Amino acid sequence: MFVVLDVLVVLEASVAMIGLFWITKESVYVGAEPEGYGRGVRLTPEGLQAVGTGQEGFWSWADLREVTVHDVQVRSSTRWLVNNVMDTVLDMATGGGEAPPAFELHVRTDEEKAELTVYTAAVGGYVQSEYELSVALLNRFVDGMADVGRLLEWGSVEGDGVTPWRAAREALLTSWAAA
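See below:
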């Protein structure tokens, strides 16, 4: 006699994607949180940290003069939806398996420049409005006019692993940049 048990395993990935930011209960990343040999950028209240294979460094917000984003896939929301569906269908048909798309974050201080690789968290690209709000927020961090601590607080208190709807994401990005 055989007994078959159906077991449902739920992996809690407490993460929310808001604009270019991947927010967990403990961390904020630009793009996706790197795993394995991945690369990424972690934001802290003190500064910006390169993480992952082949890139390292830490730059305090006070030392940073400029942070720019390059080669990000940006799409209109309608085009994003169509491409997201098509990418999913193609991945299912071909088995997927390729590395996620990446973009670059360029950091500049008075003494140095660095080009950091970040993997895209949004399948099919980021919506234009969220991209623009995210870049504005990064600039506010560099200017000392916004605090990464607010994103961390949101992640630990309200970021229960569910990505809010677009209007709520845009409102959060706007409020974080206004602080």
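Every position in the sequence shown, counted from 1, becomes a number in my numbering once 108 is added.
Note that beta-carbon positions come from the ideal geometry of N, C-alpha and C, so glycine has one too.
Every value quoted in this text rests on a predicted model; they were computed, and no experiment measured them.
Contact test: V159 Cβ vs the ligand GTP heavy atom, cutoff 7 Å:
Ligands displayed in this structure: none; no statement on the ligand GTP is therefore possible.
Please return the same chain residues whose Cβ sits closer than 6 Å to the Cβ of E164, not counting the five positions on each side in sequence.
By 1-based counting over the sequence shown, the position of residue 164 is 56. Once the five neighbours on either side are set aside, the close Cβ partners of E164 are A158.
Verify whether the separation of the beta carbon atoms of V250 and L172 is less than 8 Å.
Residue mapping note: residue 250 aligns to position 142 of the sequence shown, counting from 1. Residue mapping note: residue 172 aligns to position 64 of the sequence shown, counting from 1. If you check the CB distance, V250 and L172 come in under 8 Å.
Grab me the residues of A254's own chain with a C-beta within less than 7 Å of its C-beta, minus the 5 sequence neighbours each way, in chain order.
As a first step, residue 254 must be located in the sequence shown, where it is residue number 146. So the list reads L245, R248, W284, A285 and A287, once near-sequence residues are dropped.
Mapping the DSSP letters down to three states, classify V243 as helix, strand or coil.
Start at 1 with the first residue of the sequence shown, and residue 243 comes out as number 135. V243 falls in the helix class under three-state DSSP.
Going by DSSP, what residue range makes up the beta strand (DSSP E) through G165?
Taking the sequence shown and counting its residues from 1, the one referred to as residue 165 is at position 57. Here the beta strand (DSSP E) through G165 covers G165 to S168.
According to DSSP, residues forming a beta bridge with Y137:
Start at 1 with the first residue of the sequence shown, and residue 137 comes out as number 29. Y137 is bridged to W130 and R150.
Do you know whose CA, among I126, T152 and P153, lies nearest A140's CA?
The residue labelled residue 140 in the question sits at position 32 within the sequence shown. Considering only alpha carbons, the answer is I126.
CA nearest to the CA of R216, picked from F166, V226 and D268
Residue numbering aside, residue 216 sits at position 108 when the sequence shown is read from its first letter. Nearest C-alpha to R216: F166.
Grab me the residues of P208's own chain with a C-beta within less than 6 Å of its C-beta, minus the 5 sequence neighbours each way, in chain order.
Looking up residue 208 in the sequence shown gives position 100. Non-local C-beta neighbours of P208 in its own chain, meaning closer than 6 Å and more than five positions away in sequence, comprise Y227 and T228, ordered along the chain.
Span separating the alpha-carbon of G257 from that of V270
Residue mapping note: residue 257 aligns to position 149 of the sequence shown, counting from 1. Residue mapping note: residue 270 aligns to position 162 of the sequence shown, counting from 1. Rounded to whole angstroms, G257 and V270 show a C-alpha spacing of 19 Å.
Out of D268, Y234 and G146, which one is the CA nearest neighbour of G162?
Counting from one through the sequence shown, the residue named residue 162 turns up at place 54. Considering only alpha carbons, the answer is G146.
Quick one: what's got a C-beta closer than 7 Å to T282's C-beta in the same chain, skipping five residues either side?
Looking up residue 282 in the sequence shown gives position 174. Answer for T282: L241, listed in chain order.
Integer Cβ distance of L259 from V136, believed to fall under 8 Å
Within the sequence shown, residue 259 is the residue found at index 151, counting from 1. Within the sequence shown, residue 136 is the residue found at index 28, counting from 1. At roughly 5 Å, the Cβ-Cβ gap stays under 8 Å, so L259 and V136 are in contact.
Whole-angstrom distance between D218 and A279, CA atom to CA atom
The residue given as residue 279 occupies position 171 in the sequence shown. The residue given as residue 218 occupies position 110 in the sequence shown. Rounded to whole angstroms, A279 to D218 spans 33 Å at the Cα level.
Whole angstroms is fine: what's the gap from W273's alpha carbon to V235's?
Walking along the sequence shown from the start, residue 273 turns up at place 165. Walking along the sequence shown from the start, residue 235 turns up at place 127. The alpha-carbon of W273 is positioned some 12 Å away from that of V235.
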